[in-house]
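For the sequence shown, our numbering gives the first residue as 231, with consecutive numbering after it. Don't be surprised by glycine CBs; every beta carbon is placed ideally from N, CA and C. Reading through the structure tokens given below for one structure.
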Amino acid sequence: MSVQAVKRRLSPGNIEALKGDRPIVSLTAYTTPIARLLDPHVDFMLVGDSLGMVLYGLDSTVGVTLDMMIAHGQAVMRGSEKACVVVDLPFGSYQESKEQAFNSAARILKETGCSAVKLEGGAEMAETVDFLSQRGIPVLGHVGLMPQLVNTIGGYRSLGRSEKEANKIRRDAKAIDDAGAFAIVVEGTIEPLAREISQTLRAPTIGIGASPACDGQILVSDDILGLFSDFQPRFVKHFANLAPQISAAFEAYASEVKARTFPGIEHTFQVKPKP
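So this is what it looks like as structure tokens:
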């Protein structure tokens, strides 16, 4: 009897090893159906705290809770077989202390089965990244524009234009790299600086609004699907434009219900004739 090969999920170590090999592909996922569609095409899926804005209509990611992240992490894991799954640590769940970060991260890994967590922060979070990594929790870092700090940086904007900003991002990236992050998201950073950082770090960089020279790229799945038309960031490309199609489908459904043309008799269950 032949033994069927078991599919192995990509690990953070696999992602780290891709630096210098080929571009790393990543997108966000929040639900089981989307995870199933993404799984064959990406190296890792990020259950991002962006779900607060994308799914819950929040103004920022600050209001996202640990319970929300765990619930969506569980949903994504149900739809994934191949890709590495990373779950965001939400605002307030890790900044207080490295011990708090460990407790939050351990809970995420235990309750979702995901492979790693992501946290935002530079030099000030390096000790925490090292603390987690030394205790068996792989960490995806995040420098440059950090959405959880939107209230302190004056909104969403590109960073690194001044020498002071550029030097801070350089220091932050190196600190997180030295602390042992398996990869580092570089967000909203001017292209030459993101390119420079990608060439100097040991860990692969994952760009979002950064540079084509980054070792990988990530975007919000709902953005590339064209589900939001109010605002399109410069770094987003619509690979589909689903919002009008979905709206048209809802309109058609409503019209047919009102006109009593749906459901038709073919959509109903009939009593079978007795033999």
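Provide the residue(s) that pair with residue i in DSSP beta bridges, ordered along the chain.
{"i": "Glu329", "result": "Answer is none; Glu329 lacks a bridge partner."}
{"i": "Gln304", "result": "Gln304 pairs with nothing; no bridge assigned."}
{"i": "Gln462", "result": "For Gln462, which the question treats as bridged, DSSP gives no partner whatsoever."}
{"i": "Ser256", "result": "Phe274, Ile448"}
{"i": "Val317", "result": "Val277, Val347"}
Counting C-beta neighbours from all protein chains within 10 Å, is the total for residue i 16 or more, i.e. buried, or is it exposed?
{"i": "Gln234", "result": "Low confidence applies here, because Gln234 scores a pLDDT of 40, under 50, leaving its location unreliable and the question unanswered by this model."}
{"i": "Ile476", "result": "exposed"}
{"i": "Phe469", "result": "exposed"}
{"i": "Pro320", "result": "buried"}
{"i": "Phe480", "result": "exposed"}
{"i": "Asp279", "result": "buried"}
{"i": "Lys404", "result": "buried"}
{"i": "Lys348", "result": "buried"}
{"i": "Ser392", "result": "exposed"}
{"i": "Val501", "result": "exposed"}
{"i": "His497", "result": "exposed"}
{"i": "Asp318", "result": "buried"}
{"i": "Asp453", "result": "buried"}
{"i": "Phe412", "result": "buried"}
{"i": "Pro503", "result": "exposed"}
{"i": "Ser345", "result": "buried"}
{"i": "Asp402", "result": "buried"}
{"i": "His372", "result": "buried"}
{"i": "Gly351", "result": "buried"}
{"i": "Pro368", "result": "buried"}
{"i": "Arg425", "result": "buried"}
Residue i and residue j look like a contact to me (Cβ under 8 Å); what is the Cβ gap, rounded to whole Å?
{"i": "Ser256", "j": "Asp269", "result": "Their Cβ separation, rounded to whole angstroms, is 12 Å, which puts Ser256 and Asp269 out of contact at 8 Å."}
{"i": "Glu246", "j": "Ala433", "result": "6 Å"}
{"i": "Ile300", "j": "Ile338", "result": "6 Å"}
{"i": "Ile427", "j": "Val416", "result": "6 Å"}
{"i": "Thr435", "j": "Ile414", "result": "6 Å"}
{"i": "Ala396", "j": "Leu423", "result": "5 Å"}
{"i": "Gly390", "j": "Ile420", "result": "4 Å"}
Taking the C-alpha atoms as reference points, what is the distance between residue i and residue j?
{"i": "Gly303", "j": "Glu486", "result": "37 Å"}
{"i": "Ala336", "j": "Thr258", "result": "21 Å"}
{"i": "Met307", "j": "Pro505", "result": "48 Å"}
{"i": "Gly309", "j": "Met275", "result": "11 Å"}
{"i": "Ile254", "j": "Leu457", "result": "24 Å"}
{"i": "Arg266", "j": "Val294", "result": "24 Å"}
{"i": "Glu329", "j": "Tyr483", "result": "52 Å"}
{"i": "Thr342", "j": "Ile495", "result": "44 Å"}
{"i": "Thr262", "j": "Val466", "result": "23 Å"}
{"i": "Leu240", "j": "Leu248", "result": "11 Å"}
{"i": "Asn333", "j": "Pro463", "result": "35 Å"}
{"i": "Ala440", "j": "Ser388", "result": "9 Å"}
{"i": "Ser290", "j": "Gly322", "result": "14 Å"}
{"i": "Gly282", "j": "Lys394", "result": "31 Å"}
{"i": "Gly374", "j": "Ala478", "result": "39 Å"}
{"i": "Val277", "j": "Gly446", "result": "17 Å"}
{"i": "Met376", "j": "Val450", "result": "15 Å"}
{"i": "Phe361", "j": "Leu472", "result": "43 Å"}
{"i": "Leu285", "j": "Met298", "result": "11 Å"}
{"i": "Met355", "j": "Ala331", "result": "10 Å"}
{"i": "His271", "j": "Pro493", "result": "37 Å"}
{"i": "Lys340", "j": "Phe499", "result": "44 Å"}
For residue i, decide whether its Cβ has a neighbour in chain B, counting only Cβ atoms nearer than 9 Å.
{"i": "Val317", "result": "The displayed structure is made up of one protein chain only, and chain B is not part of it."}
- Counting only runs of 4+ residues fully inside the segment 373 to 443, write out the alpha helix (DSSP H) ranges in chain order. 380 to 383, 393 to 409, 421 to 430
- Item | Length at least 4, wholly inside the segment 330 to 373: the alpha helix (DSSP H) runs in chain order | 356 to 364
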